[in-house]
Amino acid sequence: MLRARLATAAVAIPLLLALVLAAPNWLFAAVVAAIAVAGLLEYMSMAFPPRSRDRFVGVSLGLLVTVAATAGPAAPLNAAIAVAVAVGLVSTFVWREDFETGFANLGIMMIGVLYAGFLLPHFVWLRENVTDGAEVVVFLLATVMAGDSGGYFIG
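Taking my numbering, I'd label the letters of the sequence shown as residues 64 to 218.
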């Protein structure tokens with residue numbers, strides 16, 4: 064298991080550094096958005112395993128928020144979050160007979176939409192809007208990787 068981690072790190076870390084430090088902004092934003100969509104797919108698959116409609120709605124709303132958030136913290140982001148909540152509420156009223164469970168599931172869905180769709184684009188914001196933003200992103204990723212490695216070795 065450790066060999067696989069080290070081999071992956073030997074390939075992935077240089078590619079990640081090249082992406083963060085040298086890639087054009089549009090490419091970095093596209094990769095972050097793709098990672099957000101992958102996170103949305105994974106989260107919705109875990110949260111709603113038997114409910115394909117809920118998974119589709121959650122991923123679609125998360126994609127909307129991701130695209131708006133990648134564009135920057137402005138009116139489109141506020142509108143995308145409002146649309147996500149409104150569509151979630153309407154889908155609960157239309158598709159659910161049990162509103163109590165429906166609203167609980169809506170909350171679970173919105174957590175995923177905001178967690179992956181809203182928070183991951185902050186990497187784009189950091190890189191583009193902060194002085195030495197690329198270095199800040201590298202520091203943040205290194206901190207997360209160090210914590211992950213510590214958790215792996217210590218347990």
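The beta-carbon is built from N, C-alpha and C at its ideal position, and this holds for glycine as well.
**OP:** Closer than 7 Å by C-beta to ARG159: which residues in its own chain qualify, once you throw out the five before and the five after it? Chain order, please.
**Re:** GLY165
_Below 8 Å, how does it come out for the region 174–183 and the region 127–135: are there three or more Cβ pairs, yes or no?_
yes
Measure the beta-carbon distance from VAL120 to VAL153 and round it to whole angstroms, keeping in mind my assumption that it falls under 8 Å. Your pair VAL120 and VAL153 does not check out as a contact, with CB atoms roughly 10 Å apart and the cut at 8 Å.
Between which two residues does the alpha helix (DSSP H) holding THR194 run? THR194: not part of any alpha helix (DSSP H); DSSP gives it neither H nor E.
Going along the chain, which residues of its own chain have a beta-carbon closer than 8 Å to the beta-carbon of THR155, five neighbours each way excluded?
PHE162, GLY165, PHE166, ASN168, LEU169
Next item on the list: Grab me the residues of ARG118's own chain with a C-beta within less than 7 Å of its C-beta, minus the 5 sequence neighbours each way, in chain order.
Entry: MET107, SER108, PHE111
Quick check: the Cα distance between LEU140 and ALA93, rounded to an integer number of angstroms? Between LEU140 and ALA93, the C-alpha separation is close to 17 Å.
Q.
Report the CB separation of LEU84 from VAL201 in whole angstroms; it is logged as a contact under 8 Å.
A. Right, the Cβ-Cβ distance comes to about 7 Å (below 8 Å), so this counts as a contact.
Q: State the CB to CB distance for the pair ALA147 and VAL128, rounded to an integer number of angstroms; the pair is presumed to be in contact (CB under 8 Å).
A: 6 Å
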